[in-house]
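Reviewing the structure listed below.
Protein chains: 4
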Amino acid sequence: MASEDYIIKDINLAPKGEILIEWVAKWMPVLNSLYEKFKGPGAFKNKKIALCIHLEAKTAYLALIIKKLGAEVWITSSNPLSTKDEVTAALVKEGVHVFAKHGASSEEYWSYLEKILKNKMDVIVDDGGDICEYLHEHPEYGTNVLGICEETTTGVNRLKELNSAGKLKYPAIAVNDAKSKHLFDNRYGTGQSTWTAITHLTNLNIAGKCVVVVGYGWVGKGVSARAKGMGADVIITEIDPWKALEARMDGFRVMTIAAAAPLGDFFITATGEKEVIRLEHIEKMHSGAFLANAGHFDFEIDITSLKKTAKSCQVVRDEIEEYILKNGNRIYVLARGGIINIAGGLGHAADIMDMSFSVQLSCLNYFLTSGKLEPKLIKVPEEIDRMVTEEKLGVEGISIDKK
Amino acid sequence: MASEDYIIKDINLAPKGEILIEWVAKWMPVLNSLYEKFKGPGAFKNKKIALCIHLEAKTAYLALIIKKLGAEVWITSSNPLSTKDEVTAALVKEGVHVFAKHGASSEEYWSYLEKILKNKMDVIVDDGGDICEYLHEHPEYGTNVLGICEETTTGVNRLKELNSAGKLKYPAIAVNDAKSKHLFDNRYGTGQSTWTAITHLTNLNIAGKCVVVVGYGWVGKGVSARAKGMGADVIITEIDPWKALEARMDGFRVMTIAAAAPLGDFFITATGEKEVIRLEHIEKMHSGAFLANAGHFDFEIDITSLKKTAKSCQVVRDEIEEYILKNGNRIYVLARGGIINIAGGLGHAADIMDMSFSVQLSCLNYFLTSGKLEPKLIKVPEEIDRMVTEEKLGVEGISIDKK
Amino acid sequence: MASEDYIIKDINLAPKGEILIEWVAKWMPVLNSLYEKFKGPGAFKNKKIALCIHLEAKTAYLALIIKKLGAEVWITSSNPLSTKDEVTAALVKEGVHVFAKHGASSEEYWSYLEKILKNKMDVIVDDGGDICEYLHEHPEYGTNVLGICEETTTGVNRLKELNSAGKLKYPAIAVNDAKSKHLFDNRYGTGQSTWTAITHLTNLNIAGKCVVVVGYGWVGKGVSARAKGMGADVIITEIDPWKALEARMDGFRVMTIAAAAPLGDFFITATGEKEVIRLEHIEKMHSGAFLANAGHFDFEIDITSLKKTAKSCQVVRDEIEEYILKNGNRIYVLARGGIINIAGGLGHAADIMDMSFSVQLSCLNYFLTSGKLEPKLIKVPEEIDRMVTEEKLGVEGISIDKK
Amino acid sequence: MASEDYIIKDINLAPKGEILIEWVAKWMPVLNSLYEKFKGPGAFKNKKIALCIHLEAKTAYLALIIKKLGAEVWITSSNPLSTKDEVTAALVKEGVHVFAKHGASSEEYWSYLEKILKNKMDVIVDDGGDICEYLHEHPEYGTNVLGICEETTTGVNRLKELNSAGKLKYPAIAVNDAKSKHLFDNRYGTGQSTWTAITHLTNLNIAGKCVVVVGYGWVGKGVSARAKGMGADVIITEIDPWKALEARMDGFRVMTIAAAAPLGDFFITATGEKEVIRLEHIEKMHSGAFLANAGHFDFEIDITSLKKTAKSCQVVRDEIEEYILKNGNRIYVLARGGIINIAGGLGHAADIMDMSFSVQLSCLNYFLTSGKLEPKLIKVPEEIDRMVTEEKLGVEGISIDKK
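Protein chains in written order, with numbering that gives the first Met the number 0: chain A, 0 to 402; chain B, 0 to 402; chain C, 0 to 402; chain D, 0 to 402.
Take a look at the structure:
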């Protein structure tokens, strides 16, 4: 590959990246079966496909599958902090056009997008909505675009606004809303990986601890179910009355954050809302309390105010900061309030992402085989959603009854 | 009350019925708080309100509350087999017009409906849709009707058909669809009461038994969660791939009914579908297996075929029939395949029905205070749904955060 | 049978008793297999065997098995309040010598013991130690006694005292201490049947309730595990520091009874100690709290003081007494503080008692085949204990590995 | 410190070790409170104390506490593979005599023991029994020894043999048998840390997987409870009939290893026995199965035979070896069959080890304050065992009732 066709940290890191990608490849059998299915028809052949996603082993494997199906793949990272430089090196070795470096600046980030888009993509996988925004601002790059597949809630929300306002210029699929994706990766994926990250970072026992989970949506349900399963005494806080009552009927104590503040040993946010744990709460916590966030963005805990008012802040162990408050209490923040399972751990399990990425690949195929579609936001086709979950049941050897 | 104004079994049973009603009255604090709220405005005063529901202590208390709010209450039973004659006696003592006898014939049943409706009701609580059907066939009785509140899925489905066909002649509310109702009574109410009934009827231990739950909807989720909580080894069968995978991720084995048939000690249907457990399955079960149904209707287990082909059928204990199959195996059917928690037990807990009936009372109030509405099917107003759950949180002493 | 050979309420109740016994007979396969095993050798033939136990269907079936093995069986009740008159009638029909009436006076109780013992028994099954005491006071009746099998902790404790003091005159086996018995009936048997009784008596939902379990021994562990499994928020109180910490590590809140008093909706004692829930605690409880006891004796809750100081006490439903305190609160006592699963329900499951009674039958056989033994307290022989559990695994179809 | 007084890898690694030790110091409040308690009396002053244990942050902190109490501390590692060179460097900086290097040879290992013992220790902490053996072979070094504290089951078993044979030359305490230790670290400590290690090493989802736990002792109970809590479908294998039935009553399937072999996704041994998972089982497993060991020694899975007969063996990720069998299946072995939570993770949680090491420190103090004792194996004194658990309840803020 010509050297202008990629920008990465160091090509020599490739061997380590290859090992990581080979590992996850073994645990994505649904994606592998779709590869077999889509290989024959050849819809991906010579198409240009862009991905703007978290760049680590599992997404890299999705990119490689697309490449193996005959497409030209252009990829960048939706978040420079999650980029793994050994993985990008391995991708370049395989002929993928990568523009991504761990810790890239905002300027570099947008320049990467442009470098990719000016090559006139056919279909796009977006994660958060930045590529989509760029394409709306630079329609000259979007002339070939058959469609956009959006992975996240945030990105879907941005698409919905454009769609309602009648300003959406490309067909787009809300991949996040597929049952095969949101019913599984949030609850079971985040539920488990949040606790693997926390116990690995802290080397502390969860049994017998009081865990406060802020929010009882899919993520909160998963995080609290796993906490209970580890022997924790769990408290839920909510703003929604029905979810609050569900939490109570599931056996948890339910109260306000203010009431829970002095009781918790671990506080985990899972709301999607800004600054739900604030200084007024943190000041009531006992010394030794931990704060972590399981939501997508790093704004659920008001760390800015904490940093401003604390007497000191010190890294005391990998991804653990100790804040000493004016009242003398020590509060520990994990992964600087970023999404704990990714920023402080390995992210979702490979076999969970197998389903999400299989929906992605199928939606790409849908755009490549459906001709020119209307520029509006569409649902993941029911047959794709059903096929992916049925395929997953198949690889797990699970039979179900016919209606 | 004039003797033509009621038809019941025996007025002398009233004292026993009063005790039962007084008990449940203590555990319906939300309904009691609504009584306080609606008492002042007086919207119920002198209105004629009909109820066609399961006639036992909890529904009787709803009727009494409506009476105490100033309305004239006319009531019959939606299912003559569930009618408690001591409860009807207690209601008559309090001045409620009751037309119901345990074991009434179909002819009597429809005559009761007519006796009530010819008095020209203002609002109606229906449970299954029979009153609604009758009113559509006899529009002369419906001239005053402001609205119909439907309690069940079945009734709501009948209303939806009428509504789509443009044939609905009265405003109607799908009470069943309120989150305050279906999120709680199916999962937590049926989940628990199914097992109280089974363990009370059989005097057997559930820990260490293999329990097969057919269907993983709200009822199936509740029944299987409680079975797991009692130490059972639980198998789920499904026809929906997403629910099947959810069940697997919740830790259960998932397979077809045919595959589960030789493994189960208890089989519990919760599908809403006809004849899901059939002779071909029953013949594979081991001797000593139990069959029960947690769904609304008694058609989920094909008992007709079982009865036809079994060598013998004998009642061996209260609500337990022993079938000896041609292969010599003994299969036990609980409550003749009727809904186990009601037909073989005490029904839902009083404090769960508190919420469902509070939605009912609020919807009655809605019709009484909204003037003449369009004849179409409407949702439970969001403010009612929210108010009932917030009130429930209040009586439980649970505070939640503000958005 | 000659009419002087039994004293029961009414022989005409037999048919109802037969149905109950036939039912439990189906669910005691281990006992049934032991019958087959002991039938050939004939050790029970023409021996006189006395039983002094709770007289209900499951114990009646044990008596019938002994009778069928060729012994002459003499039986009375260890607790006149638990005696089922229909069951005693059925036993007399089968030729068992029964001396028991529901509600018999203390005088009658002791006269029954004498009527039995003067017939010079060969082996004795005791439950609580009264027969044993009587025999020590009347050695003239004990000349043929080969051994005593004691079922309960209480009885075993009385035997231990006699044994240590060198005053034990007969060989005795502490059946209660067999692993096949105490590891299973306390935890799994009482755990489940306590909740079946409570939910059946109250018709209330346990999910979302705060349940306080007093004591975290085997019974407390079982009762709290099942409460958690039903969706309760469980608090444990203890006096033993290790059990308290175990409870905490199992995810429960742990505190003193005084601290738990204002929090609980249900309080369940399981300590074996006297007056652990006292007036000082009851006065702190919220109105509507329930008190129940899962321990063997009815002295764990101080009902005497409650009765003395309450403004009123009234039966409000079967086995539920409502006490109105001076502070106006209403406190509900279940089954008058007696052991809730028996006094307010059906007792342990038949398939759990199958193991306990199989140990009993094997210990009887042991005495009948071992010749004259030393008059001391002995353990259940390891081979009996192992055989019963292995037999249970066998009937359940469970294979284990060889060492 | 003179350079002949320690042998470590590299003193410059100290800063990293200090961070690790400071972290665990925060989470060992019971040990910290004992330090305050023992500081005044001064029993440790100028005593020589040897430790032969796993040398990582938590044990290092125990050593530092002993040092701060005034003793001269000599330490080596009971297992060269678990030695952390940054931790040994930090200890030397603090004046502890360390003789340990990661990967030391067997020759070096025994030379370290000699270097320590020839300084004539007063009290000894042993982990596995090697120091104790050495002292019996070299009695000239043991003339000052007041006692030996043994941490592990293995070491305790070796002591019991010596004791029974009348050959034990020093007083010794079986620290492992304290309730404060074995009731908590095996079940809750190993239970959790086993799964943190597995999920961190594999990045796979446990929900919906079939987990086979071999052995249902304390470790097996902990590992299976946590697996269930993560949504796994758990199978138990056992050789003990009572434990097998307990497992069944706890809701698990129970079968032989041979029967479970084709079903499991993860196999975890917890038996203390040799070669429980053998080639005959591995050959029946499906491709993709994982093998891990949670027992103390690395002999529970017969890896030697696996290695001999497999077509290939390759490290595919950190601490994961992929064996390709002759039948083509791929089997993954974690941490080479060594104890997974230590060899593949961070070991027990710091707050769990707080209790175990507090028992250790108290037993050291017991020897230092009891004068010359008989050379026999003694139990942890009840008052120490009770004090440690009460102290733990205290730091957790848990109050219990008085008897």
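Positions of the beta carbon are idealized from the N, C-alpha and C atoms, including for glycine.
A contact between stretches requires three or more CB pairs, one per stretch, nearer than 8 Å, and the stretch 311 to 331 of chain A fails this requirement with the stretch 154 to 168 of chain A.
With a cut-off of 8 Å on Cβ pairs, the stretch 205 to 212 of chain D is not in contact with the stretch 358 to 368 of chain D, counting fewer than three such pairs. Beta bridge pairing from DSSP links Asp232 (chain A) with A:Cys209. Per the coordinates, the alpha-carbon of Ile339 (chain A) lies some 6 Å from the alpha-carbon of Ala291 (chain A).
Nearest Cα to His96 (chain D) within the set D:Ser81, D:Asn78 and D:Trp73: D:Trp73.
The continuous alpha helix (DSSP H) containing Val394 (chain A) extends over residues Glu381 to Val394.
In the same chain as Gly146 (chain D), and ignoring 5 residues on each side of it, the C-beta atoms closer than 6 Å to its own belong to Val122, Pro170 and Phe366, in chain order. In this structure, DSSP gives Glu272 (chain D) a state outside helix and strand, which the three-state scheme calls coil.
In the DSSP secondary-structure assignment, Lys47 (chain D) is bridged to D:Glu71.
Taking 8 Å as the cut-off between beta carbons, none of the residues of the stretch 61 to 93 of chain B comes near chain D.
Using a Cβ-Cβ cut-off of 8 Å, Asp184 (chain D) is close to nothing in chain B; its nearest Cβ partner there is about 26 Å away.
For Val315 (chain A), the enclosing beta strand (DSSP E) starts and ends at Ser311 to Arg316. Rounded to whole angstroms, the Cβ separation of Leu30 (chain C) and Ile65 (chain C) is 10 Å, and the two are not in contact under 8 Å. Distance from the Cα of Gly294 (chain B) is smallest, within the candidate group B:Arg186, B:Ala13, B:Pro79 and B:Lys325, for B:Arg186. The alpha carbon of Asp184 (chain B) has as its nearest neighbour, out of B:Ala13, B:Leu167 and B:Ile351, the alpha carbon of B:Ile351. Under the Cβ criterion of 8 Å, Glu3 (chain D) is not counted among the residues facing chain C. Straight through space, the alpha carbons of Gly271 (chain D) and Val394 (chain A) are spaced by roughly 35 Å. Distances from the CA of Phe251 (chain D) to each of D:Ala231, D:Ile267 and D:Phe266 were compared; the closest alpha carbon is that of D:Ala231.
Distance from the CA of Thr75 (chain B) to the CA of His347 (chain A), rounded to the nearest whole angstrom, comes to 56 Å.
Residue nearest to Ala309 (chain D) within the set D:Ile330, D:Phe298 and D:Ala24 is D:Ile330 (criterion: CA-CA distance).
The C-alpha of Ser2 (chain C) lies about 23 Å from the C-alpha of Ile20 (chain C).
A straight-line Cα-Cα distance of about 14 Å links Ser192 (chain B) and Gly337 (chain B).
With at least 16 other beta carbons inside 10 angstroms of its own, Asp84 (chain C) counts as buried.
For His199 (chain A), the enclosing alpha helix (DSSP H) stretches over residues Gly190 to Thr201. The C-beta of Arg316 (chain C) comes closer than 8 Å to at least one C-beta of chain B. In summary, Glu320 (chain B) is buried, with 16 or more beta-carbon neighbours lying within 10 Å of its beta-carbon over all protein chains present.
DSSP places Ile323 (chain C) outside any alpha helix (DSSP H); the residue lies instead in the beta strand (DSSP E), whose first and last residues are Ile319 to Ile323. A Cβ-Cβ contact shorter than 8 Å links Ala173 (chain A) with Val379 (chain A). Remark: C-beta atoms of Ile238 (chain C) and Ala246 (chain C) do not approach each other more closely than 8 Å. A straight-line Cα-Cα distance of about 32 Å links His181 (chain C) and Ile276 (chain D).
Looking at D:Asn118, D:Leu90 and D:Gly188, the one whose alpha-carbon comes closest to that of Met354 (chain D) is D:Gly188.
Residue contact with chain B for Arg247 (chain D): present (Cβ-Cβ distance below 8 Å to some residue of chain B). Arg157 (chain B): member of the alpha helix (DSSP H) spanning Thr152 to Ser163, first to last residue. Taking C-beta atoms under 8 Å as the contact rule, Ala99 (chain B) and Ile10 (chain B) fail to qualify, at a distance of about 13 Å.
Under the DSSP assignment, Val29 (chain B) falls in the alpha helix (DSSP H) whose first and last residues are Pro28 to Lys38. Look at Asp264 (chain B): its C-beta is not under 8 Å from any C-beta on chain D.
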